[in-house]
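Below you'll find the structure, written out as structure tokens, and then a few comments.
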Amino acid sequence: MIPMSLAIALTALGGGMIGIAATTLLLKGTMGGLPIAIFGAALAVFLAGIGSSIGVGIAGEAAAGVVTEDPEKFGRLLLLQAIPGTQGIYGFLAGFMVMFRLGMFGGTIPSLTVEQGWQVLFACLPVGVSCLISGIYQGRVSVSSMGIVAKRPEESGKALIFPAMVETYAVLGLLATILLLLFGVKI
Amino acid sequence: MSVAVPRDEHEYIYAVARVRVLETHLLDRATLQRMVDAESAQAAFNILMETEYAESASEAGDVYDFEKGLTAHLKWVYDYLASFMPDSFVLDLLRLRFDFHNLKVVLKAKLLNFEPNPGALYDWGTTPVDVMSSVVSAAIEGATEIRSKTLPEGLLECIKEVLREPSVREDPQLIDLIADKCYHQTRVALARASGREVLQDWVKAAVDIANMKISLRGSKLGMDKNKLQLALIPGGKVSIESLKAVAGEGIEEWLEFWARSPYSEALSKFVKTEKGSIAFTELEKWADSYLAGLIQRGRHLAFGPEPIVAYAVAKETEIKNLRIILTGKLNGLPGDMIRERLRDVYA
Amino acid sequence: MEIRVNATRQELMRLKNRFRMAKRGHKLLKDKRDELMRIFMQLLKDNRQLRQRVEEKLSAAYSSFLVARSTMDPQVLEEALMSPTAKLELKAGTRTIMNAEIPVLEAVQKGNIYSYGLADTSAELDEALANFSALMPDFIKLAEMERTVEVLAGEIEKTRRRVNALEYVLIPELESTVNSIEMRLAEIERSNASRLMKIKDIVRAH
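Protein chains in written order, with our numbering: chain C, 47 to 233; chain H, 61 to 407; chain F, 8 to 213.
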């Protein structure tokens, strides 16, 4: 399940980029950088979204299992399940950031050079890839932590720390993307 | 048998999570201790009534019928696990024991012409006893084509192998020996197909330990060498050929053989060096604890079927401990004698 | 009590003979009783020892069986003991001690008593079965001995009754009868003598 979704996501990423690169080469000069930048924003949102939905999904399965046997643990488990959900939000945030940076909210569609388009796309990769992978793994850690909550409810606080550690790398990815978008890309 | 292989370790997330909570209901050492120290068997039984056993134990009524309660509880464990298991692999692996046991009873009953006592049968195997019974009847009457759909492959093979022995009616021990062998072989095949390392390790060690017991007890009880070689089970970690070569030679050869095996360190636990004699109580306690320990290694994996198997094994160990305690209490065995037989607790 | 008989010399002779016979019989029976008692006491002692030994072994066998049972599922135990192949042949005969017929039992055990799988049963079961099996000859010996004691006790009782009958009934009766006949004969003698003396006096007075 996980390796497969990972493979699909990465193939989509690679395929999309090759596709865009090929299109750019074919239509050299006639196509601007905007589609490439939008593809970057989309990547950030959907890669992180895949990561989160897998993470939240497996954590939810485990939470449901525990709650079936012991409904009182619902609250703590909900928190653990929610943790891998943050990656999706980071992805969305990065996508939003791209739109903001391109001035899409101003109503004027900016014209970008191909080079600028690629810059935006690559700036989006840190958050997309790190959230995809960290979301999945954070989900796994959450599942494991739910084992702690199930077995030793008094250690729930510690159980929260392990998945939170994974969050670091999603945050770093987001940070890198934001910094790149703000200072790295010249528009 | 269409070998049920775990398709993906993530299939088990839900089931493992439920087992995690169930694990918290396992009786801890202190509870068992309290039962051992209880002033009477009834008092020990009452302690049990405060635990997850309450429902099953009330089926027994009073302490003299505790066996009924333990059986009811074991059945409950397997029925309950079956209610949320994503596939049949784990349960097949665990319930093979009951199937092969039932098969032994059915074979003996059919070959020696008697009605088996229903108390000798487990009624929660993977295959219903009457199905098994009709297949065995057909096989004895010489049906060449046994319908293989009705019975798992391993059981079918076992029936064929037993019936191939010409003197099985005169020597029904052969039934047990062959069925034990087939049981372990089927388990090894199932674990191998799953590709789960911990499970493979566990079933292979079980084969070795079974061989250890068979070769030791066989030569102690004066078993015929050919029969002993037939009884030894292939598929373990030690070489079956070299074990066959020393089988029935005597205790020194036995010791020498196992001292060269991966189990050499354990020998000191039950071999009394001054006489070279074996403390069987210790040997069996070690064997149970060792095997349970192997599977408990997989207990903390968050993904995969191992924690479920580990839970079932812990549960069976617990039931065994309760049987030791209650039998001991009912018959006034001293606390030390009970304690020295108790298996490790994984609560 | 006396036996009512004619007080004649012939009868006296007969009674004296019977008296002698009774005395001799009494002595013989008493010897027999004493010998039986001696054998009986010895047997009792042996029997008590054997019983004690059997009981000790039996309780050891039971406790080993108990231990075996406690480490196995009841279903597994049931299955293990389902197809016994061992056979016990029992030969029964009799012999006599001092006319008392006592039984002789002989047991021969054959076949494999460990007729079960070795992988899933407990080795403590081997031990329990070995204990039970080793107990069998003693068990049969004990049965034989207890029956012997019973038969001997009956025989002793019978002999004792006979001795008592002789000692307290027949012999005193015979003795007193003999005495009374002797006294009666003596009295007849005396009355004859005095009658003769009286006759002599009458004759002399004429």
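Using N, Cα and C, we set each Cβ at its ideal position, and we do this for glycine too.
Answer with buried or exposed for residue i, where buried requires no fewer than 16 other C-beta atoms within 10 angstroms of its C-beta.
i: residue 176(F); result: exposed
i: residue 178(H); result: exposed
i: residue 120(C); result: exposed
i: residue 396(H); result: exposed
i: residue 75(F); result: buried
i: residue 356(H); result: buried
i: residue 191(H); result: exposed
i: residue 271(H); result: buried
i: residue 80(F); result: buried
i: residue 244(H); result: buried
i: residue 162(C); result: buried
i: residue 63(F); result: exposed
i: residue 17(F); result: exposed
i: residue 164(F); result: exposed
i: residue 155(C); result: exposed
i: residue 57(H); result: There is simply no residue 57(H) to check, as chain H begins at 61 and stops at 407 in what is shown.
Tell me the DSSP secondary structure of residue i in three-state form.
i: residue 149(F); result: helix
i: residue 332(H); result: strand
i: residue 73(H); result: helix
i: residue 71(F); result: helix
i: residue 100(H); result: coil
i: residue 61(H); result: Per-residue confidence for residue 61(H) stands at a pLDDT of 37, beneath the threshold of 50, marking its modelled position as unreliable; the derived number appears in the next sentence. Note: residue 61(H) maps to coil in three-state DSSP.
i: residue 175(H); result: coil
i: residue 166(F); result: helix
i: residue 205(C); result: helix
i: residue 116(C); result: coil
i: residue 213(F); result: coil
i: residue 198(C); result: coil
i: residue 229(H); result: coil
i: residue 119(H); result: helix
i: residue 227(C); result: helix
i: residue 85(H); result: coil
i: residue 391(H); result: coil
i: residue 131(H); result: helix
i: residue 148(C); result: coil
i: residue 322(H); result: coil
i: residue 407(H); result: coil
i: residue 145(H); result: coil
i: residue 307(H); result: coil
i: residue 102(C); result: helix
Have a look at the DSSP bridge pairing and note the partners of residue i.
i: residue 95(F); result: 116(F)
i: residue 103(F); result: 108(F)
i: residue 338(H); result: 331(H)
**OP:** For the region 278-290 of chain H and the region 302-310 of chain H, state whether three or more C-beta atom pairs, one from each stretch, are separated by less than 8 Å.
**Re:** The answer is yes - the region 302-310 of chain H touches the region 278-290 of chain H, with three or more Cβ pairs under 8 Å.
**OP:** Check distances from the C-beta atoms of the region 128-151 of chain F to those of chain H and list, in chain order, the residues that come in under 8 Å.
**Re:** Near chain H, meaning a CB-to-CB distance below 8 Å, the residues of the region 128-151 of chain F are 129, 130, 131, 133, 134.
Subject >> chain H contacts from the region 157-183 of chain F (Cβ-Cβ distance under 8 Å) >> reply: So the list is empty, because no residue satisfies the distance condition.
Original post:
Can at least three beta-carbon pairs, one atom from the region 109-116 of chain C and one from the region 167-184 of chain C, be found at a separation below 8 Å?
Top reply: Per the Cβ contact rule, the region 109-116 of chain C is not in contact with the region 167-184 of chain C (fewer than 3 Cβ pairs under 8 Å).
Subject >> Members of the region 307-327 of chain H that neighbour chain F once the beta carbon cut-off is set at 7 Å >> reply: Those residues of the region 307-327 of chain H that come within reach of chain F (Cβ to Cβ, closer than 7 Å) do not exist; the list is empty.
Original post:
What are the residues of the region 177-205 of chain C that lie near chain H, defined by any Cβ-Cβ distance shorter than 7 Å?
Top reply: Residues passing the 7 Å Cβ filter: 186, 189, 190, 192, 193, 196, 197.
**OP:** Could you name the residues of the region 334-360 of chain H whose beta carbon sits closer than 8 Å to any beta carbon of chain F, in the order they occur along the chain?
**Re:** Per Cβ criterion, the list reads 340, 341, 343, 344.
Original post:
For the region 131-153 of chain C, which residues have a CB atom closer than 7 Å to at least one CB atom of chain H, in sequence order?
Top reply: Listed in sequence order: no entries.
**OP:** Evaluate contact between the region 122-129 of chain F and the region 171-185 of chain F, counting only Cβ atoms and requiring at least three cross-stretch pairs below 8 Å.
**Re:** Inter-segment contact for the region 122-129 of chain F and the region 171-185 of chain F is absent: fewer than three beta-carbon pairs are separated by less than 8 Å.
**OP:** Closer than 8 Å, Cβ to Cβ, to anything on chain H: give me those residues from the region 114-126 of chain F, in chain order.
**Re:** Of all residues in the region 114-126 of chain F, the ones placed with a Cβ closer than 8 Å to any Cβ belonging to chain H are 119, 121, 122, 123, 124, 125, 126, in chain order.
Original post:
When Cβ atoms are compared, which residues of the region 86-97 of chain F fall closer than 7 Å to chain H?
Top reply: Of all residues in the region 86-97 of chain F, those with a C-beta nearer than 7 Å to a C-beta of chain H are 86, 89, 90, 92, reading in chain order.
Original post:
Would you call the region 325-333 of chain H and the region 296-304 of chain H touching, i.e. three or more CB-CB distances under 8 Å?
Top reply: Not touching, per the Cβ criterion.
Original post:
Using a beta-carbon distance cut-off of less than 9 Å, what residues from the region 48-76 of chain F approach chain H?
Top reply: Against chain H - using a Cβ distance shorter than 9 Å - the residues of the region 48-76 of chain F are 69, 70, 73, 74, 76.
Subject >> Against chain C: residues of the region 168-186 of chain H by CB proximity under 9 Å >> reply: Taking 9 Å as the Cβ-Cβ cut-off against chain C, none of the residues of the region 168-186 of chain H qualify.
Original post:
Taking contact to mean at least 3 C-beta pairs separated by less than 8 Å, is the region 47-63 of chain F in contact with the region 192-200 of chain F?
Top reply: Too few Cβ pairs lie closer than 8 Å, so no.
Original post:
Of the residues that make up the region 368-395 of chain H, which ones have a beta carbon closer than 7 Å to any beta carbon in chain F?
Top reply: The residues in question are 380, 383, 384, 387, 388, 391.
Subject >> Contact the region 80-97 of chain C vs the region 134-149 of chain C: 3+ CB pairs below 8 Å >> reply: Between the region 80-97 of chain C and the region 134-149 of chain C there are three or more inter-stretch CB-CB distances shorter than 8 Å, so the stretches are counted as touching.
**OP:** Taking a Cβ distance cut-off of 9 Å, strictly less, list which residues of the region 107-121 of chain C are near chain H, in chain order.
**Re:** For the region 107-121 of chain C, which is checked against every Cβ of chain H, the residues closer than 9 Å are 107, 108, 109, 110, 111, 112, 113, 114, 115, 116, 119.
Original post:
Counting Cβ pairs closer than 8 Å, one from the region 84-98 of chain F and one from the region 37-46 of chain F, do we hit at least three?
Top reply: The way I'd put it, the region 84-98 of chain F doesn't touch the region 37-46 of chain F; fewer than three beta-carbon pairs between them come closer than 8 Å.
Original post:
Looking at C-beta atoms only, is the number of pairs between the region 129-140 of chain H and the region 66-76 of chain H that lie closer than 8 Å three or more?
Top reply: Three or more Cβ pairs closer than 8 Å define a contact, and the region 129-140 of chain H falls short of that threshold against the region 66-76 of chain H.
**OP:** Indicate whether the contact test is met: 3 or more Cβ pairs, each with one atom in the region 94-110 of chain H and one in the region 387-394 of chain H, closer than 8 Å.
**Re:** These segments touch.
**OP:** Determine contact between the region 17-25 of chain F and the region 178-187 of chain F, defined as no fewer than three beta-carbon pairs at a distance below 8 Å.
**Re:** For the pair of segments examined, the region 17-25 of chain F was found to touch the region 178-187 of chain F: the number of CB pairs separated by less than 8 Å reaches three.
Original post:
Should the region 121-134 of chain H be regarded as contacting the region 396-405 of chain H, the criterion being three or more beta carbon pairs within less than 8 Å?
Top reply: Judged by Cβ distances under 8 Å, the region 121-134 of chain H makes no contact with the region 396-405 of chain H, as fewer than three pairs qualify.
Original post:
Taking any Cβ of chain F, which residues in the region 216-234 of chain H have a Cβ under 8 Å from it, in chain order?
Top reply: Of all residues in the region 216-234 of chain H, 230, 231, 232, 233 have a Cβ within less than 8 Å of some Cβ in chain F.
Subject >> Any 3 or more C-beta pairs closer than 8 Å across the region 158-168 of chain H and the region 239-258 of chain H >> reply: Touching, yes.
**OP:** Check distances from the C-beta atoms of the region 92-117 of chain H to those of chain C and list, in chain order, the residues that come in under 7 Å.
**Re:** Cβ contacts with chain C: none found.
Subject >> Residues, ordered as in the chain, of the region 240-255 of chain H that lie near chain F by beta-carbon distance below 7 Å >> reply: Result list: 240.
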